[in-house]
Amino acid sequence: MGAAASTDYLAADVSGVTTAHEHVLAPKRSRGLSLLSRGLWACNGCKRMSAFHPSMRCYSCVVGCNFDLCGNCFSSSRLGAIPDENEADIVRQASSLSVAALRLLHAETDSEIFEIISVGGDRLDVLRRAEQTSNQAAECAICYDALCNGQVAVLHNIAGKRSCRHFFHENCVAMLSSSSISSCPLCRVPFAVLRKVPSPMEDPRGWFLAMDADGKEKLTRQEVDDGLRAVLPVDDKGLESRFDMLWEHWDKTNSGDIGMDEFLDEDEGLLKWVIATTKTARERDLVPIPDVDKDREVWFRFWDMDHVGSLDKEQVMRALMKTFRDADVAEMRKVVGSLWTDFITSEGSISCEEFMRPGTGLLDKIVTDIRNAGGGGTEHSPPPPAPAGEERHQSISGQQCSCGKIHVRRGDRVRFAPGQAFRQAEESASELGTIVKDEEAANAVSVHWDYGGQSPLQNYAWPADPAGHEVVHADFLDIASPDVTALAADLRISSVAASELLRRSAAGEEVAGDEESLRKPLKVFHRCRILPDRDLVKQWFDTVPPCPCSRPTCNGGVKWNAQVEKHLGREAHLLKIDLRDDTVYVEVTGRCNCKLWVPCLAATPIFDPDTEQELRFAVGTRVECNMGESWAKGIVEGCWWRQEGWGNRNTSPYSIKLDDGNRISAPADEDRTIRRA
C-alpha cells in the first residue's frame with residue numbers, strides 16, 4: 002500500500018479507531034489505590050473480568066483518570082526492570098495499556114499511591130508515586146514542562162469530538178504523530194486529530210468550545226478544572242482548595258455547569274477571573290531550580306521530593322528535562338534508558354553519589370551522550386571550554402561518542418579531512434560545506450559545498466572508524482575564507498553578502514550593492530541558516546522595534562538572548578515572516594528543534610535537495626489523496642507546506658483541502674500518495 006497522506010493535525014491512520022472502554026458498574030473510588038468492592042470490572046491489562054481476579058485495583062493517572070489492573074498484571078510489572086533492548090518486542094505483544102511493559106522502579110508497598118504515565122516516543126509505561134508530581138502548574142506528561150508555557154492541544158476522534166480529557170503541548174503530540182502513535186499517551190484512548198486550544202484572552206469563545214468536551218455548550222466542574230490547569234500558571238493544590246468557593250461565583254444559576262453567558266459575565270464571570278489570575282500568576286516568582294553546575298548535591302536534593310536519598314527513573318527524567326530545557330525529549334529518554342541499568346540499585350533507583358560522581362557518574366555520562374548524539378546544549382551543559390586564547394563558541398558536533406563513532410546529522414557543517422586537500426581543489430572552491438543527507442548506517446554522507454561551482458553536491462565516505470572520514474566536522478560559526486572575513490569587516494556586511502560580492506566580482510558582474518541587495522529572498526516553509534556573524538546579528542536584533550501589543554503573555558518583542566547565540570550558524574525551517582517588524586519565526590533542524598524569532602537579515606536561504614524538484618500540481622488542481630484505506634478527493638491549497646513541531650521532518654510538497662472540509666498534507670509528490678482527480 003502506498004504512503005498515505007496525513008492531516009495537518011493527524012497523529013496516525015484512524016481506520017482502527019475504537020470507543021473507549023467503559024466499566025459495567027462504577028463503584029465509589031478513592032484517590033490512588035483502592036480495592037474494588039463490587040461489580041464486574043475488566044482489567045485494562047489482560048481484559049479478564051474481576052470475577053476471576055478479586056485482587057483488582059484502581060490506579061490514577063496524572064490528572065485523575067482511572068485504570069484497573071488485576072493482581073497478576075500488576076505483579077508482573079514488578080518483577081524487575083526490562084532490558085531496554087527487549088522493550089520494543091515486549092511492548093508490541095502487550096495489551097492496550099502495555100501492562101507487560103510497565104516498569105516499577107521502586108519497591109512499592111500495597112499501601113502506596115501510584116500513577117500511570119506514558120513515556121512518549123518509546124511507548125513504555127511506568128507507575129509513579131503520586132507525591133512525586135508537581136505541586137505547581139500542571140505539566141505536559143510528555144516533556145514535563147508546565148502546560149501553560151506552550152501551545153496546548155486536545156485530542157479529537159474521527160467524529161470531531163474530544164477523545165479524552167487530557168491536555169498536552171501541541172509540539173509534543175506532533176512528535177508522537179511522527180512515530181505513528183494514535184492513542185492518548187496517558188489513557189490510550191484512540192484519537193484521529195489534535196486541535197489547538199486557543200488563548201482564553203484572545204479567543205474566549207473558542208476556548209469555551211475547546212473545553213466543552215461533551216459538546217453540550219455547557220462547561221461542567223470537571224471541564225473547567227481541567228481547562229484552568231492547562232492554560233494558567235497556577236498552583237494545582239491552591240486551585241483545588243479554592244475551587245468550591247470560586248464555583249459559587251461562576252455558576253450563578255446553581256445549575257451545576259456554566260453557560261457561555263455566565264462564562265463571559267463582566268462582573269464575576271470565569272473569563273474575568275482567568276484574565277486577572279493570568280496577569281498575577283505570571284508576575285509571581287516560582288521556586289527556581291538550583292544550578293546543577295554550582296552545587297550538584299543541592300540540585301539532587303531539590304528533586305528528591307520524598308527525601309529518601311535516591312531518584313527513580315521518572316524522577317531523573319523529569320529533573321533532567323526541567324533543567325536542560327533545550328534537550329530533545331526522545332533523545333534524552335533514549336540516553337537515560339541505555340545507561341540506567343548500569344547505575345541503579347536493587348530497588349530500581351539511583352543514589353546521589355552514583356548520580357553526581359564527577360566524570361563517571363550518571364549525570365556526566367548522560368550529558369556527554371546527549372551532546373554526542375546531538376540532543377542540544379543548554380545553559381547548564383555548556384560545550385567543552387575553548388583552547389587557551391580562543392574565546393569563540395565551540396559546537397557540540399564532531400565529538401566521539403562512547404560507542405566509538407562520530408555521529409553526523411543533516412545540517413552539520415564540514416570541511417575536508419586532513420590529507421584530502423587535493424579533493425578540495427578538484428571538487429570545490431570552498432573549504433566549508435553542509436551535510437544534506439546522512440546515511441550513517443551506509444557509511445556515507447552527501448555534502449553541499451557553499452560555493453562549489455557546477456557540481457556543489459558530492460558524496461563522501463563516513464565509516465564507523467573516524468580515521469576513515471573524508472570530511473570532518475567544522476564549527477557552526479566558521480566562515481569560508483579569510484578573504485570573506487576581511488571583506489565583511491571592511492564593508493560592515495555579513496559573511497553571506499561578502500561571499501556573494503566576491504562571486505559577482507569573479508564572474509565580472511556588477512559588484513556594487515548593500516546588504517539587502519546582496520542577499521537572496523527567504524521563502525516560507527523552506528530551509529534557511531541563521532547567520533554565524535554574531536556581532537552583526539546582534540545589531541540587527543537591536544533595531545527590531547518593541548511589540549506594541551498589550552497582551553499579558555507578550556514579552557516585549559524580538560530580542561537578542563543566549564538562546565539565539567547558541568543557534569548561530571545552524572539550519573532551520575522558516576515557518577513565518579512578520580513584515581511588521583521584518584522578523585521571521587524558525588524551527589531549528591538537525592541537532593535540536595528549538596524555535597526562535599530572528600530578524601529577516603539574520604537568516605539566509607540554503608540549498609535543499611528536497612524542495613529543488615518541480616512539483617506536478619499547481620494550486621487549485623483537483624487531486625485524490627491516499628488516506629490508507631481509501632482515496633479522498635480535494636483541491637491543492639498550497640505548494641510546499643509544513644507546520645510547527647515537525648522538527649527534522651521534510652516539508653510536504655502539498656497542502657490539500659478535502660471535499661469533506663478537512664485539511665491534510667501530502668508527504669510526497671508521488672502517484673501512490675497523491676494523483677490528479
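Its first residue numbered 2, the sequence shown is counted upward by one per residue in this note's numbering. Yeah, the Cβ is synthetic: ideal placement off N, Cα and C, and Gly gets one too.
Compare the C-alpha of residue i against each of the options and name the closest.
i	options	result
Glu-588	His-527, His-470, Asp-213 and Val-448	His-527
Pro-483	Glu-203, Ala-603, Ser-496 and Phe-417	Ser-496
Asp-313	Val-409, Trp-341 and Lys-406	Trp-341
His-157	Val-624, Phe-209 and Ala-214	Ala-214
Val-194	Val-174, Lys-438, Trp-208 and Lys-567	Val-174
Ala-633	Gly-662, Gln-459 and Cys-402	Gly-662
Ile-276	Ile-290, Asp-611, Asp-292 and Pro-205	Pro-205
Thr-254	Cys-144, Val-599, Glu-224 and Lys-219	Lys-219
Ala-465	Glu-440, Ile-480 and Ala-481	Glu-440
Glu-566	Asp-262, Val-599, Arg-592 and Pro-549	Val-599
Leu-272	Ala-619, Val-232 and Asp-305	Val-232
Phe-169	Glu-501, Leu-247 and Cys-185	Cys-185
Cys-595	Cys-601, Ser-447, Glu-613 and His-568	His-568
Gln-446	Ala-481, Tyr-452, Val-409 and Glu-613	Note that residue 446 is Val in the sequence shown here, rather than Gln. Of the listed residues, the one whose Cα sits closest to Val-446 is Val-409.
Gly-412	Cys-593, Asp-227 and Asp-491	Cys-593
Asn-444	Trp-300, Trp-463 and Glu-501	Trp-463
I need the DSSP call for residue i, collapsed to helix, strand or coil.
i	result
Gly-434	strand
His-250	helix
Ala-147	strand
Trp-641	strand
Asn-172	helix
Ser-518	helix
Ser-350	coil
Trp-274	helix
Ser-311	strand
Phe-264	helix
Ala-320	helix
Ile-531	strand
Gly-635	strand
Ala-154	strand
Pro-547	coil
Thr-369	helix
Ala-231	helix
Leu-363	helix
Glu-1	The shown model of the chain, from 2 to 678, leaves out residue 1, and the question about it has no answer.
Pro-289	coil
Asp-536	helix
Leu-302	In the sequence as presented, Leu is not what sits at residue 302; that position holds Arg. Three-state result, Arg-302: helix.
Should residue i and residue j be called a contact, given that it needs their Cβ atoms to be closer than 7 Å?
i	j	result
Leu-488	Ala-603	no
Phe-417	Arg-571	no
Phe-709	His-449	Residue 709 lies beyond the stretch modelled for the chain, which goes from 2 to 678, so this question has no answer here.
Ile-578	Val-624	no
Ala-475	Leu-433	yes
Pro-606	Lys-521	yes
Asp-582	Val-545	yes
Val-472	Val-415	yes
Arg-230	Ala-139	yes
Leu-492	Leu-575	no
Met-357	Arg-319	no
Asn-649	Thr-590	yes
Met-212	Gly-228	yes
Below 7 Å CB to CB, which residues in the same chain sit around residue i once its five sequence neighbours on both sides are set aside?
i	result
Arg-302	none
Phe-53	Note that Phe-53 has pLDDT 42, beneath the 50 cutoff, so the model's placement of it is unreliable and no number is given.
Ala-508	none
Ser-653	Trp-642, Arg-643, Ser-666, Ala-667 and Pro-668
Phe-192	Ala-12, Leu-156, His-157, Asn-158, Ser-164, Ser-183, Ser-184 and Cys-185
Trp-248	Arg-222
Gly-216	Lys-162
Ala-678	Arg-623, Val-624, Glu-625 and Lys-634
Ile-259	Lys-219, Leu-220, Val-225, Trp-251, Asp-252 and Leu-271
Determine, using beta carbons only, whether residue i comes closer than 7 Å to chain B.
i	result
Asp-343	Checking the listed chains, one finds no chain B in this structure; it contains a single protein chain.
Is there at least one non-hydrogen atom of the ligand PLP closer than 6 Å to the beta-carbon of residue i?
i	result
Glu-471	The model on display carries no ligand, and the ligand PLP is accordingly not part of it.
By Cβ distance, which residues of its chain are closer than 6 Å to residue i, with the 5 residues on each side in sequence left out?
i	result
Val-559	Val-545, Thr-584 and Trp-598
Ser-506	Val-512
Arg-530	Glu-572, Thr-605 and Ile-607
Whose C-beta lies closer than 8 Å to the C-beta of residue i among residues of the same chain, with five residues either side of it excluded?
i	result
Val-679	The first residue shown for the chain is 2 and the last is 678, placing residue 679 beyond what the model contains.
Checklist entry - Unbroken alpha helix (DSSP H) runs of length 4 or more, entirely within the segment 435-510: which are they? => result As far as the segment 435-510 is concerned, its whole alpha helix (DSSP H) runs of at least 4 residues are 483-492 and 496-507.
Checklist entry - Residue ranges of each alpha helix (DSSP H) run of no fewer than 4 residues wholly in the segment 188-223, ordered along the chain? => result Here the runs fully enclosed are 205-212.
Checklist entry - In the segment 588-627, which residue ranges form an unbroken beta strand (DSSP E) of at least 3 residues, counting only runs that do not cross its ends? => result The qualifying runs are 596-600, 604-606 and 623-627.
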